[in-house]
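Visitor: Below you'll find the structure I mean.
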Amino acid sequence: MSHTIEPTEIDTKKTDSSHIETVATEDLDLKTGDPLVSDFPEGGYRAWMAVAGAFLCLFVGGVEYSFGVFITYYSTHFLKNETISNIAWIGSAAAFIHSTVGLLVGKLYDDGWLRHLIFIGSFIHVFSFMMLSLCTKFWQVWLAQGLGMGLATGILYQPALAIVSQYFERHRSLAMGIVMMGASTGGVLFPIIMNNSIDHLGFAWGVRVGAFVMLGVLVVANLITTPRIASRGLTGRSRVNRNIIREFVPDDEAPGDLHKINYRQFFDLTFCVTTVGCFLIQMGTGYPYAYITSYATLVGSISTKLQFYLLPITFAGSAIGSPIMAALGDKFGVFNVVILSTFLSAGLQASIFGAKTDSSAVIISFLYGFMAAGFQSMVGPIYAKLSSTVLEIGHRMGFGFFIIGIATLISSPIQGALLGKNPLSYAWGLGGVLGEGLGLELALRANSRPRL
Numbered sequence: 039m040s041h042t043i044e045p046t047e048i049d050t051k052k053t054d055s056s057h058i059e060t061v062a063t064e065d066l067d068l069k070t071g072d073p074l075v076s077d078f079p080e081g082g083y084r085a086w087m088a089v090a091g092a093f094l095c096l097f098v099g100g101v102e103y104s105f106g107v108f109i110t111y112y113s114t115h116f117l118k119n120e121t122i123s124n125i126a127w128i129g130s131a132a133a134f135i136h137s138t139v140g141l142l143v144g145k146l147y148d149d150g151w152l153r154h155l156i157f158i159g160s161f162i163h164v165f166s167f168m169m170l171s172l173c174t175k176f177w178q179v180w181l182a183q184g185l186g187m188g189l190a191t192g193i194l195y196q197p198a199l200a201i202v203s204q205y206f207e208r209h210r211s212l213a214m215g216i217v218m219m220g221a222s223t224g225g226v227l228f229p230i231i232m233n234n235s236i237d238h239l240g241f242a243w244g245v246r247v248g249a250f251v252m253l254g255v256l257v258v259a260n261l262i263t264t265p266r267i268a269s270r271g272l273t274g275r276s277r278v279n280r281n282i283i284r285e286f287v288p289d290d291e292a293p294g295d296l297h298k299i300n301y302r303q304f305f306d307l308t309f310c311v312t313t314v315g316c317f318l319i320q321m322g323t324g325y326p327y328a329y330i331t332s333y334a335t336l337v338g339s340i341s342t343k344l345q346f347y348l349l350p351i352t353f354a355g356s357a358i359g360s361p362i363m364a365a366l367g368d369k370f371g372v373f374n375v376v377i378l379s380t381f382l383s384a385g386l387q388a389s390i391f392g393a394k395t396d397s398s399a400v401i402i403s404f405l406y407g408f409m410a411a412g413f414q415s416m417v418g419p420i421y422a423k424l425s426s427t428v429l430e431i432g433h434r435m436g437f438g439f440f441i442i443g444i445a446t447l448i449s450s451p452i453q454g455a456l457l458g459k460n461p462l463s464y465a466w467g468l469g470g471v472l473g474e475g476l477g478l479e480l481a482l483r484a485n486s487r488p489r490l
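My numbering applies: residue 39 is where the sequence shown begins, and numbers increase by one.
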């Protein structure tokens with residue numbers, strides 16, 4: 039029969055190694071693979087409420103992922119004197135800032151500031167979108183949509199994605215995939231909401247309608263998203279388990295201090311190669327999300343009514359693909375799913391430039407969104423898998439998303455500059471970048487830990 043041992047009642051000087059092992063085994067359920075958490079609920083009311091809240095946080099981030107619609111509007115209205123490449127820097131800046139703040143947000147999340155982060159991110163999100171409704175100049179749009187919304191999305195994104203790791207281990211990829219559906223669902227609905235609102239109410243009030251939608255969604259998200267790990271450490275039984283670890287396990291074998299970053303984890307070969315591979319894949323995968331609408335306009339043979347809906351169709355594919363790919367990741371391994379989806383995405387992305395009819399554009403857009411979800415929905419689970427404990431996940435995700443953000447920053451303007459000049463050669467070049475990332479992931483899979 040298992041029993042509870044209070045750390046204060048045990049004299050560590052008189053305790054031999056066999057007793058240490060007995061206590062650790064009895065009081066810690068090591069089958070979870072995480073020495074700091076004795077068990078994972080793998081479901082339940084609080085767990086699924088956390089998933090729903092995280093879903094809503096990423097839903098409002100769909101505005102960032104649907105920036106292609108804003109590019110088309112800006113380039114034909116009050117920013118028509120700017121090149122597409124220059125306008126693209128707004129979206130790239132938002133994506134880069136979104137990823138860059140992950141370095142700080144990850145640390146704050148691991149220290150237990152989840153509720154504060156979600157509240158602050160929600161406030162900045164709504165405020166920035168309200169300010170966007172007043173913008174008429176390039177620099178104003180950059181501040182509101184590039185800086186403000188990038189910062190807000192970054193503050194919300196990582197904690198929302200990471201919180202499910204506190205509730206799920208065996209089904210972690212599936213839970214994260216459901217959360218990632220939020221971004222795709224937002225990418226489907228927000229362009230439609232914004233387009234219709236702007237058409238009927240004008241840009242200013244159309245954007246304000248979007249801001250009020252965000253406000254309602256984020257209020258619910260703040261109310262239902264609760265962590266298992268409190269700001270002072272692990273709660274309940276898990277906190278006792280942690281004290282036992284500190285009492286008996288030598289310092290060089292202990293999991294590390296809750297409030298201290300172990301920088302050695304960033305120099306782990308598996309972690310480094312994974313991050314470089316994700317960087318290269320991200321360099322190429324963002325093209326359809328940013329430019330599918332603009333490309334359809336340049337082609338000229340695709341109907342005007344359909345051009346706007348190609349981006350929501352792509353996100354619809356992602357929304358359906360995210361939970362499916364995530365479930366496959368739990369069953370067959372996250373790296374296997376990334377390898378397959380990246381390979382197929384590269385082929386579909388090259389075929390986009392051959393889409394000259396309405397039907398072909400719809401099919402390719404949907405299939406690309408579906409397959410690309412295999413990479414997008416697996417980035418979080420990849421870094422969760424690479425983490426030894428739930429208290430490392432925020433740090434690893436923060437650094438990984440920062441590097442991926444650099445790829446987003448530099449890739450979109452390059453793609454915008456090349457758009458329309460030589461699409462066929464660009465397609466092959468893009469395929470080469472995807473191929474490099476895929477090659478690294480393949481090499482990593484061949485040498486990775488079995489649990490990946």
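Ideal Cβ placement from N, Cα and C applies to all residues, glycine included.
Which class does residue 316 belong to by DSSP, given the choice of helix, strand or coil?
Guide: Of the three classes helix, strand and coil, the one that applies to residue 316 here is helix, per DSSP.
Visitor: Taking 8 angstroms as the cut-off, does the segment 425-445 touch the segment 109-125 (at least 3 CB pairs, one atom from each stretch)?
Guide: In short, these stretches do not touch, since the Cβ pair count stays below three.
Visitor: Could you check how far apart the C-beta atoms of residue 144 and residue 443 are, in whole angstroms? I think they sit under 8 angstroms.
Guide: About 13 angstroms; that fails the 8 angstroms criterion.
Visitor: Give the DSSP-derived three-state secondary structure of residue 140 in the structure shown.
Guide: Note: residue 140 maps to helix in three-state DSSP.
Visitor: With DSSP as the reference, label residue 102 as helix, strand or coil.
Guide: It is helical.
Visitor: Do three or more CB pairs link the segment 414-421 to the segment 389-404 at distances below 8 angstroms?
Guide: The segment 414-421 vs the segment 389-404: no contact.
Visitor: Does residue 64 come out as helix, strand or coil in the three-state DSSP assignment?
Guide: Residue placement at residue 64 is flagged as unreliable, the pLDDT there being 35, under the threshold of 50; a coordinate-derived value is accordingly withheld.
Visitor: For the 8 angstroms Cβ check, are there 3 or more pairs between the segment 405-416 and the segment 364-375?
Guide: Contact holds: three or more Cβ-Cβ distances are below 8 angstroms.
Visitor: Applying the criterion that 16 or more other CB atoms from any shown protein chain within 10 Å of the CB defines a buried residue, is residue 173 buried or exposed?
Guide: Residue 173 should be labelled buried.
Visitor: Three-state secondary structure (DSSP) at residue 209?
Guide: Coil, per DSSP.
Visitor: Tell me whether the beta-carbon of residue 411 lies closer than 9 angstroms to the beta-carbon of residue 359.
Guide: Result yes, Cβ atoms of residue 411 and residue 359 sit closer than 9 angstroms.
Visitor: Alpha carbon to alpha carbon, how far is residue 101 from residue 253? Give it in angstroms, no decimals.
Guide: Computed Cα separation, rounded: 13 angstroms.
Visitor: Anyone know if the C-beta pair for residue 211 and residue 436 falls short of 9 angstroms?
Guide: Against a cut-off of 9 angstroms, the Cβ pair of residue 436 and residue 211 comes out as no contact.
Visitor: Considering only the beta carbon of each residue, do residue 349 and residue 107 sit closer than 9 angstroms?
Guide: Their beta carbons are under 9 angstroms apart, which means residue 349 touches residue 107 by this criterion.
Visitor: Give the DSSP-derived three-state secondary structure of residue 151 in the structure shown.
Guide: Note: residue 151 maps to coil in three-state DSSP.
Visitor: What whole-angstrom Cβ distance do residue 164 and residue 249 have, given they're in contact under 8 angstroms?
Guide: Indeed they touch by this definition, with Cβ atoms about 6 angstroms apart.
Visitor: For residue 217 versus residue 93, is the C-beta distance shorter than 9 angstroms?
Guide: Yes, they are a contact pair.
Visitor: Leaving out five residues on either side along the sequence, give the residues of the same chain with a beta carbon under 6 angstroms from the beta carbon of residue 184.
Guide: The residues are 128, 131, 132.
Visitor: Note down the Cα distance separating residue 138 from residue 313, rounded to an integer number of angstroms.
Guide: So the alpha carbons of these two residues sit roughly 14 angstroms apart.
Visitor: What's the C-alpha gap between residue 259 and residue 168?
Guide: Cα to Cα, residue 259 sits roughly 19 angstroms from residue 168.
Visitor: Tell me which residues share the same chain as residue 141 and place their Cβ nearer than 7 angstroms to its Cβ, disregarding the 5 neighbours each side in the sequence.
Guide: Result list for residue 141: 436, 437, 440, in chain order.
Visitor: I need the boundaries of the alpha helix (DSSP H) containing residue 265, first residue and last residue.
Guide: Counting along the chain, residue 265 falls outside any alpha helix (DSSP H), and DSSP gives it neither H nor E.
Visitor: From what residue to what residue does the alpha helix (DSSP H) around residue 404 run?
Guide: Here the alpha helix (DSSP H) through residue 404 covers 396-414.
Visitor: Leaving aside the five residues before and after residue 230 along the sequence, list all residues of the same chain whose C-beta is less than 7 angstroms from its C-beta, in chain order.
Guide: So the qualifying residues of the chain are 350.
Visitor: In terms of alpha-carbon separation, which member of 400, 409, 369, 307 lies closest to residue 385?
Guide: If we check each option's Cα against that of residue 385, 409 comes out closest.
Visitor: I need the DSSP call for residue 368, collapsed to helix, strand or coil.
Guide: DSSP places residue 368 in helix when its eight states are reduced to three.
Visitor: For the alpha helix (DSSP H) that residue 188 lies in, which residues bound it at each end?
Guide: Where residue 188 is concerned, the enclosing alpha helix (DSSP H) stretches over 187-200.
Visitor: What do you get for residue 95, buried or exposed, if any count of 16 or more other CB atoms within 10 angstroms of its CB means buried?
Guide: It counts as buried.
Visitor: If you run the structure through DSSP and keep just helix, strand and coil, what is residue 339?
Guide: Correct three-state label for residue 339: coil.
Visitor: Give the range of the alpha helix (DSSP H) segment to which residue 518 is assigned.
Guide: Past the edges of the chain, shown from 39 to 490, lies residue 518, and the structure says nothing about it.
Visitor: Between which two residues does the alpha helix (DSSP H) containing residue 418 stretch?
Guide: Where residue 418 is concerned, the enclosing alpha helix (DSSP H) stretches over 417-423.
Visitor: Taking all protein chains shown into account, decide if residue 83 is buried (16 or more other Cβ within 10 angstroms of its Cβ) or exposed.
Guide: Residue 83 is exposed by the Cβ-count criterion.
Visitor: Quick one, which of 404, 399, 369, 333 has its alpha-carbon nearest residue 354's?
Guide: Minimum Cα distance to residue 354 is reached at 404.
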